[in-house]
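Report on the structure given below.
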Amino acid sequence: MDYNVQNTWEQMDRLMALVDRVAERINHADYGYSGFFDSTKIREPELDRMYEFDSSILDDVETFQGEIKALKDELESGNFDNSYQRVFSLRRTLDDIDNKFGDRRGYMLKFE
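Per our numbering, residue 1435 is the first one in the sequence shown, and the count goes up by one each step.
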């Protein structure tokens, strides 16, 4: 097995573990919803800022999807030259998403 391909697989394993962790974090996240009888109400300006914050996370997810597609296209064409760098870049992008998503709860708590 080629050394670069072997390193790429190791990076891919780390990426998949990170994908699983971030997916679980998102699946168990607070929605930011404030019920009718809750003592804390989120007003429209705060809700607009929350939508903008979430929208920026979605923009990062779209970037991640584009990077995944580019990697898939390269691998399907048999081009492994940049695969290590692409996987490493995917990990950085997903780290950014994870960090931003981690900041989301603190951002929501500003409104309480």
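Beta carbons: idealized from backbone N, C-alpha and C, even for Gly. For clarity, every value in this text was computed on a predicted model and none was experimentally measured.
> Are there 16 or more other CB atoms within 10 angstroms of the CB of GLN1519, so buried, or fewer, so exposed?
Replying inline: As a first step, residue 1519 must be located in the sequence shown, where it is residue number 85. Counting Cβ neighbours within 10 Å, GLN1519 comes out exposed, since fewer than 16 surround it.
> Under a three-way DSSP split, which group does ALA1504 fall into?
Replying inline: What you label residue 1504 is simply residue 70 of the sequence shown in a count that begins at 1. ALA1504: helix per DSSP, three-state reduction.
> How is ASP1540 classed by DSSP in three states: helix, strand or coil?
Replying inline: Within the sequence shown, numbered from 1, the residue matching residue 1540 stands at position 106. Residue identity differs from the one stated: residue 1540 is Gly in this sequence, not Asp. Three-state DSSP puts GLY1540 in a helix.
> Can GLU1458 be considered in contact with the ligand MG, in the sense that its beta carbon sits closer than 8 Å to one or more heavy atoms?
Replying inline: Among the components modelled here there is no ligand, and therefore nothing to report on the ligand MG.
> Is PHE1522 helix, strand or coil when you go by DSSP?
Replying inline: Taking the first residue of the sequence shown as position 1, residue 1522 is located at position 88. In the structure shown, PHE1522 sits in a helix (DSSP, three-state: H, G or I).
>> Tell me the DSSP secondary structure of PHE1498 in three-state form.
In response: Position 64 of the sequence shown, counted from the start, is the residue given in the question as residue 1498. Helix at PHE1498.
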